[in-house]
Amino acid sequence: MKNIGPASGNFAGTDGAPLSVLRVQQKMNETVAELDRIYKLDAAFMGYNNNVYNQWKTVDHPRILAQVPERVSFNLNKWKEYNMAHTLSAANIITADVITEAESIQIINSNSGTQLYYTLNGTDPMGNDGVVSANAYLYNTAFTLPAGNYNIVTRAFTTNNWGPIASKTVKVEKPRAGKFVITGINYKPLSNADAEFLLISNTGTADLDVSGYTISDAVTYTFPQGTVIAQNQTIMLAKNLSLISGFVQYSKYQWTTGSLNNSGESTTFKDSLGNTIDNVTYGSVSPWPIEANGQGYYLKLIAPDLDNTLPASWESVSLIATSAKMSSSKSIDKTEGTTLKSIK
0 MKNIGPASGN
10 FAGTDGAPLS
20 VLRVQQKMNE
30 TVAELDRIYK
40 LDAAFMGYNN
50 NVYNQWKTVD
60 HPRILAQVPE
70 RVSFNLNKWK
80 EYNMAHTLSA
90 ANIITADVIT
100 EAESIQIINS
110 NSGTQLYYTL
120 NGTDPMGNDG
130 VVSANAYLYN
140 TAFTLPAGNY
150 NIVTRAFTTN
160 NWGPIASKTV
170 KVEKPRAGKF
180 VITGINYKPL
190 SNADAEFLLI
200 SNTGTADLDV
210 SGYTISDAVT
220 YTFPQGTVIA
230 QNQTIMLAKN
240 LSLISGFVQY
250 SKYQWTTGSL
260 NNSGESTTFK
270 DSLGNTIDNV
280 TYGSVSPWPI
290 EANGQGYYLK
300 LIAPDLDNTL
310 PASWESVSLI
320 ATSAKMSSSK
330 SIDKTEGTTL
340 KSIK
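Numbering (numbering that gives the first Met the number 0), first residue to last: 0 to 343.
Have a look at this one:
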């Protein structure tokens with residue numbers, strides 16, 4: 000059944016279907032070409048009269064080809080007569096070529112009263128002898144898939160009747176999302192205690208809306224509505240913005256109350272629902288970089304993909320130099336142009 004015209008999309012036998020007049024004639028010609036060689040060999044071996052070969056070439060072969068339309072029509076009518084014709088329409092797979100795990104795949108079946116089967120590995124939902132393949136799933140509603148590459152193949156089905164194949168290759172990716180990471184801590188400035196700040200980076204794969212995010216440890220602040228950290232960008236949250244110059248590449252915000260503890264403490268940010276987004280418990284003594292303890296340096300995460308809860312993931316960066324080049328090529332911010340204003 001899988002090799003007749005309807006299984007390939009058109010039971011009427013149009014050009015391209017296996018049981019179409021054109022395809023049958025093409026197959027006949029291919030077969031005749033082989034038979035032609037056999038007739039010649041046989042005639043040469045047996046010494047047959049040349050008229051035998053000419054009869055085949057000029058009479059029998061043209062007659063067979065001329066009868067193809069009638070024979071195809073007869074066979075198609077017999078398939079219909081015994082309710083074995085593939086008369087269903089092809090289903091329609093609704094999805095983009097590349098989607099995320101959160102996006103659904105829908106299959107539209109226009110054949111009322113039928114079931115819809117599909118596979119994900121490129122095999123035919125119709126198995127041997129027309130039964131449902133062991134690899135096939137019964138379609139009930141739109142579905143999602145985990146990250147990976149898929150070749151979806153589907154057919155409609157009812158008793159003794161499979162629809163034509165519809166297929167689509169789909170790549171499913173992990174959802175793109177922003178990632179909130181504490182990447183800088185200036186807890187003990189050299190000359191002015193109020194020049195404290197935190198650096199927050201979006202190390203994810205999409206912009207991150209931090210509206211309503213809060214910090215409520217020793218420092219308190221709630222990000223206003225509409226605050227977005229672009230992908231691979233950093234913002235600054237400071238105690239007193241008037242005391243900080245440099246860091247011109249950052250958007251800056253001033254926290255509401257509080258100060259960072261000079262000896263170290265837990266720094267926790269939560270989203271608008273109260274879920275902890277990031278937490279760092281920094282320290283002022285080894286194994287934390289001790290230069291950040293009032294020596295004109297601040298703590299900076301060496302690379303955005305490191306675990307910021309570990310002291311070894313941090314380095315000390317000078318706040319005195321007007322342009323301190325970062326040593327890590329992975330760092331989100333390659334250079335700092337930073338000075339602190341001091342109050343005499």
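Glycine included, C-beta positions come from ideal geometry on N, C-alpha and C.
Handout entry: Cα-Cα separation between Phe222 and Tyr138, rounded to whole angstroms
Key = Within the sequence shown, residue 222 is the residue found at index 223, counting from 1. Within the sequence shown, residue 138 is the residue found at index 139, counting from 1. If you take the alpha carbons of Phe222 and Tyr138, they lie about 45 Å apart.
Exercise for the section: Decide if Ile151 is buried, meaning its Cβ has at least 16 other Cβ atoms within 10 Å, or exposed. Expected result: In the sequence shown, residue 151 corresponds to position 152, counting from 1. Here Ile151 is buried, its C-beta having at least 16 other C-beta atoms within 10 Å.
Practice task
Can you check the segment 140–211 for any alpha helix (DSSP H) of at least 4 residues that lies completely inside it and give the ranges in chain order?
Solution key: none
Handout entry: Beta carbon of Thr233 nearer than 8 Å to that of Val209
Key = Working through the sequence shown from its first residue, we reach residue 233 at position 234. Working through the sequence shown from its first residue, we reach residue 209 at position 210. Contact check for Thr233 against Val209 fails: the beta carbons are separated by 8 Å or more.
Handout entry: For Lys355, three-class secondary structure by DSSP
Key = A query on residue 355 cannot be resolved here, the shown segment of the chain reaching from 0 to 343 and no further.
Handout entry: Spatial distance of Ile228 from Asp206 (CA atoms)
Key = Against the sequence shown, residue 228 aligns to sequence position 229. Against the sequence shown, residue 206 aligns to sequence position 207. Their Cα atoms are separated by approximately 6 Å.
Problem - Alpha-carbon to alpha-carbon, Ile184 and Trp254 - result: Here residue 254 refers to the residue found at position 255 of the sequence shown. Here residue 184 refers to the residue found at position 185 of the sequence shown. Distance between the alpha carbons of Trp254 and Ile184: 14 Å.
Practice task
Provide the residue(s) that pair with Ile107 in DSSP beta bridges, ordered along the chain.
Solution key: Indexing the sequence shown from 1 puts residue 107 at position 108. According to DSSP, Ile107 bridges with Asn91.
Exercise for the section: Evaluate the contact criterion for the segment 149–163 versus the segment 259–271: three or more CB pairs, one atom per stretch, below 8 Å. Expected result: no
Exercise for the section: Tell me whether Phe73 sits in a helix, a strand or coil according to DSSP, three-state version. Expected result: Within the sequence shown, numbered from 1, the residue matching residue 73 stands at position 74. Residue state for Phe73 is assigned as helix, using DSSP reduced to three classes.
Practice task
Give me the Cα-Cα distance between Leu21 and Thr30, rounded to the nearest whole angstrom.
Solution key: Taking the first residue of the sequence shown as position 1, residue 21 is located at position 22. Taking the first residue of the sequence shown as position 1, residue 30 is located at position 31. The straight-line gap from Cα to Cα measures roughly 14 Å.
Exercise for the section: State the beta-bridge partners of Met125 as determined by DSSP. Expected result: As a first step, residue 125 is located in the sequence shown; it is residue number 126 there, counting from the start. Per DSSP, Val131.
Handout entry: CB contact flag (Gly293, Ile319, <8 Å)
Key = Locating residue 293 in the sequence shown gives position 294, counting from the first residue. Locating residue 319 in the sequence shown gives position 320, counting from the first residue. Not closer than 8 Å, so no.
Practice task
Within its chain, find whatever has a CB closer than 7 Å to the CB of Asn249; leave out the 5 residues flanking it on each side and keep chain order.
Solution key: If you number the sequence shown from 1, residue 249 lands on position 250. In the sequence on display, residue 249 carries Tyr and not Asn. Cβ neighbours of Tyr249 beyond the five flanking positions: Thr233, Ile234, Met235.
Practice task
With DSSP as the reference, label Ser283 as helix, strand or coil.
Solution key: Position 284 of the sequence shown holds residue 283. Reduced to three states, the DSSP call for Ser283 is coil.
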